[in-house]
Structure formats: C-alpha cells, structure tokens
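Participant:
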Amino acid sequence: MTTLPPLLLVGAGRMGGALLAGWREQGLSRGFVIDPSLGAQSLACPNISVLADASLLPPDFAPEAIVLAVKPQMAAAVVPAYKRYVGKAAFVSIMAGKTVQGVSHLLGGSAAVIRAMPNTPAAVRQGITVAFAGPNVSDSQKQLGERLLTAAGEVAWVEGEAMLDPVTAISGGGPAYVFLLTELLEKAGLDQGLPPELAKRMARQTVVGSAALLAASPEAPEALREAVTSPGGTTAEALKLLRADDALPKIFKAAIQAAVDRSRELSG
Ligand SMILES: NC(=O)c1ccc[n+]([C@@H]2O[C@H](COP(=O)([O-])OP(=O)(O)OC[C@H]3O[C@@H](n4cnc5c(N)ncnc54)[C@H](OP(=O)(O)O)[C@@H]3O)[C@@H](O)[C@H]2O)c1
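Residues 5 to 272, numbered by my numbering, are exactly what the sequence shown covers, in order.
Spelled out as structure tokens, the structure:
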C-alpha cells in the first residue's frame, strides 16, 4: 500500500489517537498533530510532529486531509483556525452531532467535508465508521477519507446525512449496550452466589467469545442464538421471559428511538 499523503490531525485523544496508530501502519508522509495536551516528544510516530496550536504550522505545509477529532463542544473555538486549507484539502470530521453544514460554516462556507461516526472498538481496529460525504467532496477525497477511516476498522457510507442519527444510536452507542449486557451477566452471576472473580470472568469471556463466534461464522445471529436454545431447555426458559410480551425488543426499540431523538436535538 502506498504511503499516506500529508495529513493534519486536530485532536489526538482516544479516537484521534486510534486513527493515528492505524495510519502509522500504512506509512505516513510528513504531517502534523495539533493537540495542546500532548508534549512535542510524546508521539513516537515517524514523520509526525506535534504542535500545541494551529498558528505554529509551517506556512508551506499542504495537507491533503485534515481530520477533526476534538470534542464537538470545542468545534466553534478550534475549527476556524483551519480555514486556510479550504479548497485545498478535505476535512474529515468525527465530531459527534456536527453536521457537514455546521463544520463548513465554521470554515467559511464552501469546504469539502466528510462527516463520520466511528465507535470505540476503533481502539483495537475493530470499529465500524459510517460516513457521509458533503457536496464539495471529490471522488478522490472520498477515497482518501475511506482509507483514513479504515484505520479504525470497517467503513460504510450513507447517501443521506440524516441517517447518521440512527447510526449514532446503533453503532456509535452500541458498544455501551454490549458492555451493559456484560455488566448484567456478571451481576446475575453474583446474585446466583457465584464467586465474584468467576462471575466477572464468565460474563466477559461469554461476550468476547460470542463476538468472536459471530465474526467467524457465516450464520446469522438468529441461527447462532437458536443453536444455544434447545426446546424446553434452560436457555429457552430465560428467553421466554426476556421476550414475554415482546419485553426486550420493545424496550430496545424505545431506547434506540430515545438516542436517535437526542442525536437530532444535539445536531448542529
Ligand atoms: N469516543 C467515542 O465513542 C466517539 C464515537 C464517535 C465519535 N466520537 C467523536 O470523536 C471526537 C473525539 O472524541 P475522543 O473520545 O477521542 O475525545 P478526547 O479523548 O477528549 O480527545 C480530544 C483531544 O483533543 C484535544 N484538544 C483540546 N483542545 C484542542 C485544540 N484546540 N486543538 C487540538 N486538540 C485539542 C484534547 O486535549 P485535552 O484532553 O487536553 O482537552 C484531547 O486530547 C469527539 O468529537 C467525539 O464526538 C467519539
């Protein structure tokens, strides 16, 4: 694979740092990270220098992409400093809830903006990022955006930006629901009198192992679930309760709707 073109990463926290780790493996041209919380020596990344502020960027630096990975509430204070690259570079924003129009507005109006929603398994390159390309994004910029986001795991594109609200609720927040399930399994083990260490280990490995089985198997989750559920057996008894009156599907549907509604409220 060819070396990545010159890049500028704005914010190298959890998400930005995970992306950078993936880009490093692809090979990086000369580039910069802007993050005031990182010391200049703190990134052992060939070709990449850390600066505390956009004003310190060399005037002749010409990035092909600028990845905006600061917290959304910082956008208004941080993003306008990169106006000088509009028309020359693609902006890839992973800031939750920040619309293409909102980011473009902060950049003076006509920027090429890709809006992307990753999720936290990005930290182990097992994330899924769903992205939307704004109207000024060229095909080659979209390809570069895909290559950059692939560093966090799988990438999918949507044609309508509104789809990023359900995406936020399902894959953005999804890891939290899976972790909650893990917590609940552990708690149930404790309630049943299992030793705490065993309850924790069982809950964790059951989720990790089930995810690995799902990843390795060509079967649908329904088939994998049915394979655990003998008619009249113990799992069937538990599932009967979980699904009585559609209990779990109903609460799950309502929970996702609440997250979608909140995503719409926060968008701007
Ligand atoms: N975590 C998720 O599940 C998730 C999922 C999808 C999207 N996102 C989005 O990803 C973005 C980053 O989230 P995160 O969890 O990686 O946050 P984070 O760990 O707080 O990272 C943000 C980084 O930006 C730095 N920063 C602060 N001011 C800056 C400035 N003026 N210029 C450049 N960098 C600056 C922060 O430094 P300080 O710590 O010193 O402030 C921090 O290192 C957010 O917009 C979030 O919405 C996150």
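Glycine included, each C-beta is placed from N, C-alpha and C at the ideal position. Quick caveat, the model's predicted, so the values are computed rather than measured.
Can you tell me whether M167 sits near ligand 1, meaning its C-beta is under 6 Å from at least one heavy atom of the ligand?
Facilitator: Because no heavy atom of ligand 1 lies under 6 Å away, the Cβ of M167 does not count as near it: no.
Participant: With a threshold of 16 other CB atoms inside 10 Å of the CB of K254, please say whether the residue is buried or exposed.
Facilitator: exposed
Participant: Could you pull out every residue in the same chain whose Cβ sits closer than 7 Å to the Cβ of G112, ignoring the five residues on either side in sequence?
Facilitator: K87, V90
Participant: Starting from L8, follow its DSSP beta bridges and name the residues at the other end.
Facilitator: L32
Participant: Give me the pocket residues for ligand 1, defined as CB within less than 6 Å of any heavy atom, sorted by chain position.
Facilitator: V14, G15, A16, G17, R18, M19, G20, I38, D39, P40, S41, A73, V74, K75, P76, M78, V82, I98, M99, A100, M121, P122, N123, T124, G176
Participant: Among the residues of its own chain, which have a CB less than 7 Å from the CB of R208, if the five just before and after it don't count?
Facilitator: T186
Participant: Whether or not the stretch 137 to 148 and the stretch 227 to 246 are in contact is what I'm after, with contact meaning three or more pairs of Cβ atoms, one per stretch, closer than 8 Å; do they touch?
Facilitator: In this structure the stretch 227 to 246 does not lie against the stretch 137 to 148, because fewer than three pairs of beta carbons, one per stretch, are closer than 8 Å.
Participant: DSSP state of R205, grouped into three classes?
Facilitator: It is helical.
Participant: Helix, strand or coil: how does DSSP classify T103 here?
Facilitator: Judged by DSSP in its simplified three-state form, T103 adopts coil rather than helix or strand.
Participant: Looking at C-alpha atoms only, which residue of Q147, P9, A219, A137 is the closest neighbour of M167?
Facilitator: Scanning Q147, P9, A219, A137 for the CA closest to the CA of M167 turns up A137.
Participant: Residues in its own chain within less than 7 Å of G274 by CB, not counting five upstream and five downstream?
Facilitator: Lying outside 5 to 272, the shown extent of the chain, residue 274 is not represented and no answer is given.
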